[in-house]
Amino acid sequence: MPDTILVVVEQREGKLNRVSWETLTAGQALAAETGWTLEAAVLGSGVLNFANEIAAKRVSKVYAVESPKLEPYTPDAFAAGLKQFIESKQPKLVLMPHTYQVRDFVPKLATAMGRTAISDCIGYKKDGAKLIFTRQMFQGKLAADVSFACDAPWFVTFQNGAFRGDKVEAGVSAAPVETVNVQIADGVIRNKPQEVFKEAKQAVDLTQAEIIVSIGRGIKEQKNIELARQLADALGGELAASRPICDSGWLPMDRQIGSSGQTVAPKLYLALGISGAIQHIVGMKGSRTIIAVNKDSEAPIFEIADYAVVGNLFDIVPPLIEEVKKAKAGS
Amino acid sequence: MNILVCMKQVPQKDAPLKLNEAGNWIREDVSYEVNEPDAYALEEALRQKEKHGGEVVVITSGPARAQQVLREALAKGADRAIHLEDSVFVGLDALNTARAFAAAIKDEKFDLIFTGLQSDDYGYAQTGVILAELLSWPHATIIMQIEKNEGGIRVKRELEAGFFQFVDMALPAVLTIQSGINKLRYATLIGIKQAKNKPLRKVAMAEVQSAISENLQKIERLYIPQKTKKTEMIEGSAGEIAKKLVDKLRNEVRVL
Chain A
27 MPDTILVVVE QREGKLNRVS WETLTAGQAL AAETGWTLEA AVLGSGVLNF
77 ANEIAAKRVS KVYAVESPKL EPYTPDAFAA GLKQFIESKQ PKLVLMPHTY
127 QVRDFVPKLA TAMGRTAISD CIGYKKDGAK LIFTRQMFQG KLAADVSFAC
177 DAPWFVTFQN GAFRGDKVEA GVSAAPVETV NVQIADGVIR NKPQEVFKEA
227 KQAVDLTQAE IIVSIGRGIK EQKNIELARQ LADALGGELA ASRPICDSGW
277 LPMDRQIGSS GQTVAPKLYL ALGISGAIQH IVGMKGSRTI IAVNKDSEAP
327 IFEIADYAVV GNLFDIVPPL IEEVKKAKAG S
Chain B
1419 MNILVCMKQV PQKDAPLKLN EAGNWIREDV SYEVNEPDAY ALEEALRQKE
1469 KHGGEVVVIT SGPARAQQVL REALAKGADR AIHLEDSVFV GLDALNTARA
1519 FAAAIKDEKF DLIFTGLQSD DYGYAQTGVI LAELLSWPHA TIIMQIEKNE
1569 GGIRVKRELE AGFFQFVDMA LPAVLTIQSG INKLRYATLI GIKQAKNKPL
1619 RKVAMAEVQS AISENLQKIE RLYIPQKTKK TEMIEGSAGE IAKKLVDKLR
1669 NEVRVL
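Chains as they are written, first to last, in our numbering: chain A, 27 to 357; chain B, 1419 to 1674.
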């Protein structure tokens, strides 16, 4: 039997989470590199339709791992169900997207199996026979190559955007789909989750904005936000922020860009005093052009910027507002 | 409610980091601060204590310098502290850190354990959940609100894309706390004074050694990430930079 890579895709609210396709792309690439067999699994209650959707892609087999106790999601049921399934199939490598849901149960699952998870990876390498996974550390300032120092199964989660979901290869014919019923004993599930809800109607849809001026900690004080607002107004753009600004209540939560806020891809993203923590970058790295102003020349935001200004935003923004106004008046 | 808060000392956000000679860790001569989500976890524990009574205990692992986060926590109102003191703790993976914590608190009795949702250095987002599994306690992650009720607690989990969910849980439980759950307090002068007399228990590596193993994952190499994008530096005086940027906005980005 060849070794197997198992991709566990995520479904929520009757939909396949799009980031699942990215993980499947990663699985296909790893399978090509290692010669291992690629299989996929989806967990839940009544998830055969998701399994069939995955089966159209280039995979050897897809499992619908079923139990009525897997709905609604709880970490107890997911860890127990997946542990049972993984112990019976014995995959070498288990890949998942680094979603809030996966973060909630994977450390528990890996620990229950006496294993470890290399979490939030952005890529992989093969060093001889050894598989190496790359992850960001120190808020993205440094990268680390990490390997497993224990027996398989090896658990890896991939960051949102690490692979291209639209590059997932279709299969020549539909892969076989098998339903596996897992037994989750009474008393395993301890938490009682309530309905999922959305806090408030979003007042501003930043995903539609062509120009975004975004502020981070470098703005220092709430009253300084006015300066950024003037620049946004001059450019005809929207004002947004990284998480700490919204946590402080300086701007409403619906202005937040990042993994817990909105994901945007405007024509222009102007980052003022934003260091570029991973959680922020995943929400804006698809922007067509990124201009970053930051006094710290080592800020990770510069890694993804098209134009970089190392300097104090309070020196640079006022003349920039004037120049933009002049340019607009002249055109 | 008796609450344990797991806290970590991490390099300051804007501290320039240098690699050590082996290229597998940073040079330790940087400025440190408390991991931000852990500060929110502490604040939440103090607020719960003010509402429901009980004790707040803070725990950290790391060399002598890490004691600073405990001192600050005591000054803000924590009742006592536990310090797993050894530089070896810095290099432990999430599983071994959780094992060491579990061993250090085996004679304690807590209703809740809080951690920040992730650390700003490793960024595993795992230690709290692993600790729950080691203790056989239920857990919930990325928590934005905690209310005590008859059966235990009701917590508000943050999900992705602006969604939330309330979860009812029995105690004891482990919660990982999201930044922004509350407003942080400052330590008062009197608090700083009182902190000096609060108990701080030191735990040596030898006391928890039997609970931990070799790391299950290994950092082979740490490095400055390769750039994936060509970045053009815009330099000059502030006025010159403004002019150059407007030129780019007009001719390259084409938004003016």
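Just so it is clear, CB atoms sit at the ideal spot from N, CA and C, and this is done for glycine as well.
Residue i in three-state terms, based on DSSP
i	result
E236 of chain A	coil
K152 of chain A	strand
D1665 of chain B	helix
D1630 of chain B	One point to set straight first is that residue 1630 of chain B is Ile, not Asp, in the sequence displayed. I1630 of chain B: coil per DSSP, three-state reduction.
R1572 of chain B	strand
R1619 of chain B	strand
D146 of chain A	strand
W180 of chain A	strand
F189 of chain A	coil
Q288 of chain A	strand
P1429 of chain B	strand
R1498 of chain B	strand
N78 of chain A	helix
I347 of chain A	helix
S1479 of chain B	strand
Closest Cα partner of residue i within the set the options
i	options	result
N320 of chain A	A:S240, A:D273, A:R269 and A:M310	A:S240
T1478 of chain B	B:G1472, B:R1668 and B:G1546	B:G1546
G312 of chain A	B:K1661, B:E1658, B:T1559 and B:K1647	B:K1647
F159 of chain A	A:Y150, A:K87 and A:A254	A:Y150
A1496 of chain B	B:I1560, B:S1631, B:K1614 and B:Y1450	B:K1614
V182 of chain A	A:F189, A:K246, A:A188 and A:S145	A:S145
N250 of chain A	A:V343, A:Q110, A:K41 and A:K109	A:V343
A66 of chain A	A:G356, A:S301, A:S93 and A:L32	A:L32
S71 of chain A	A:G40, A:A267, A:S46 and A:K87	A:G40
F164 of chain A	B:Q1536, B:Q1612 and B:I1561	B:Q1536
C272 of chain A	B:K1574, B:G1570 and B:K1601	B:K1601
K1426 of chain B	B:F1519, B:R1672 and B:E1439	B:F1519
A267 of chain A	A:V194, A:D231, A:R281 and A:A258	A:R281
V1626 of chain B	B:A1491, B:D1447 and B:D1525	B:D1525
S46 of chain A	A:A155, A:V214 and A:Q185	A:Q185
F340 of chain A	A:L69, A:E252, A:K115 and A:S114	A:E252
D192 of chain A	A:T49, A:T205, A:G284 and A:K87	A:T49
S274 of chain A	B:R1603, B:K1636, B:G1480 and B:A1521	B:R1603
T1606 of chain B	B:R1489, B:I1571, B:I1599 and B:D1539	B:R1489
T142 of chain A	B:V1448, B:M1562, B:R1672 and B:Q1635	B:Q1635
D153 of chain A	A:I317, A:R38, A:T60 and A:L298	A:T60
For residue j and residue i, the rounded distance between their alpha carbons
i	j	result
R1465 of chain B	F1581 of chain B	25 Å
L1513 of chain B	N1633 of chain B	8 Å
K1662 of chain B	A334 of chain A	11 Å
L358 of chain A	E1638 of chain B	Within the shown structure, residues of chain A are numbered from 27 to 357, placing residue 358 of chain A beyond reach of any answer.
P123 of chain A	I210 of chain A	24 Å
D29 of chain A	T63 of chain A	6 Å
M310 of chain A	E97 of chain A	32 Å
N1669 of chain B	D231 of chain A	28 Å
L277 of chain A	A1499 of chain B	36 Å
F111 of chain A	R1575 of chain B	27 Å
A235 of chain A	A1660 of chain B	23 Å
V336 of chain A	S1597 of chain B	28 Å
Q248 of chain A	G187 of chain A	32 Å
V68 of chain A	A1656 of chain B	54 Å
Y1458 of chain B	V120 of chain A	33 Å
H1557 of chain B	P117 of chain A	27 Å
E36 of chain A	Y1540 of chain B	25 Å
(Q) Could you check whether the segment 1499 to 1512 of chain B touches the segment 1617 to 1625 of chain B, counting it as contact only if at least three pairs of C-beta atoms, one from each stretch, sit closer than 8 Å? (A) Remark: three or more beta-carbon pairs, one from each stretch, lie closer than 8 Å, so the segment 1499 to 1512 of chain B and the segment 1617 to 1625 of chain B are flagged as touching.
Q: May I ask you to list, following chain order, the residues of the segment 1559 to 1590 of chain B that have a beta carbon less than 7 Å from some beta carbon of chain A?
A: Residues passing the 7 Å Cβ filter: T1559, I1560, E1576, L1577, E1578, G1580, F1581, F1582, Q1583, F1584, V1585, D1586, M1587 and A1588.
**Q.** Inter-stretch contact at 8 Å, needing at least 3 Cβ pairs: the segment 217 to 227 of chain A / the segment 73 to 91 of chain A
**A.** Too few Cβ pairs lie closer than 8 Å, so no.
(Q) Closer than 8 Å is the cut-off here; do at least three beta carbon pairs connect the segment 189 to 208 of chain A with the segment 173 to 180 of chain A? (A) No: the two stretches stay apart, fewer than three of their Cβ pairs being nearer than 8 Å.
Q: Would you list, in chain order, the members of the segment 86 to 103 of chain A that have their beta-carbon closer than 8 Å to a beta-carbon of chain B?
A: Against chain B - using a Cβ distance shorter than 8 Å - the residues of the segment 86 to 103 of chain A are P101 and D102.
Q. Does the segment 47 to 56 of chain A come close enough to the segment 95 to 113 of chain A that 3 or more CB-CB pairs lie under 8 Å?
A. The answer is no - the segment 47 to 56 of chain A does not touch the segment 95 to 113 of chain A, with fewer than three Cβ pairs under 8 Å.
(Q) Can you confirm whether the segment 1443 to 1450 of chain B touches the segment 1512 to 1530 of chain B when touching is taken to mean that 3 or more C-beta pairs between the two stretches lie within less than 8 Å? (A) Short answer: they don't touch.
(Q) I'd like to know if the segment 118 to 133 of chain A and the segment 236 to 255 of chain A are in contact, where contact means that at least 3 CB-CB pairs between them fall below 8 Å. (A) A contact between stretches requires three or more CB pairs, one per stretch, nearer than 8 Å, and the segment 118 to 133 of chain A fails this requirement with the segment 236 to 255 of chain A.
Q. Would you call the segment 1587 to 1603 of chain B and the segment 1553 to 1560 of chain B touching, i.e. three or more CB-CB distances under 8 Å?
A. Because the criterion of three Cβ pairs below 8 Å is met, the segment 1587 to 1603 of chain B and the segment 1553 to 1560 of chain B touch.
Q. Is the segment 1560 to 1578 of chain B touching the segment 1444 to 1458 of chain B, taking contact as three or more C-beta pairs under 8 Å?
A. By the C-beta criterion, the segment 1560 to 1578 of chain B is judged not to be in contact with the segment 1444 to 1458 of chain B, since fewer than 3 inter-stretch pairs fall below 8 Å.
Q: Return the residues of the segment 1654 to 1666 of chain B that lie within a Cβ-Cβ distance of less than 7 Å from chain A, sorted by chain order.
A: So the list reads A1656, G1657, I1659, A1660, K1661, L1663, V1664 and K1666, given in the order they occur along the chain.
Q: Could you list the residues in the segment 1504 to 1534 of chain B with a C-beta less than 9 Å from some C-beta on chain A, going in chain order?
A: Correct list: D1511, A1512, L1513 and A1516.
Q.
Can you pull out the residues from the segment 1419 to 1443 of chain B whose beta carbon lies closer than 7 Å to at least one beta carbon of chain A?
A. Listed by position, the residues of the segment 1419 to 1443 of chain B near chain A (Cβ gap below 7 Å) are P1429, K1431, D1432, P1434 and L1435.
Q: Taking only beta carbons into account, state which residues of the segment 1633 to 1651 of chain B come closer than 7 Å to chain A, listed in chain order.
A: Taking 7 Å as the upper bound on Cβ-Cβ separation, chain A lies near residues N1633, L1634, Q1635, K1636, I1637, E1638, R1639, L1640, Y1641, I1642, P1643, K1645, K1647, T1649, E1650 and M1651 of the segment 1633 to 1651 of chain B.
Q) the segment 266 to 279 of chain A: which residues have C-beta closer than 9 Å to a C-beta of chain B, in chain order? A) Listed in sequence order: R269, P270, C272, D273, S274, G275 and M279.
Q.
Counting only Cβ-Cβ distances shorter than 7 Å, please list the residues of the segment 1454 to 1465 of chain B near chain A, keeping chain order.
A. Sequence-ordered contacts of the segment 1454 to 1465 of chain B with chain A are nonexistent [C-beta pairs closer than 7 Å].
Q.
Using a Cβ-Cβ cutoff of 8 Å, what residues of the segment 155 to 166 of chain A are near chain B? List them in chain order.
A. Answer in chain order: I158, R161, Q162, M163, F164, Q165 and G166.
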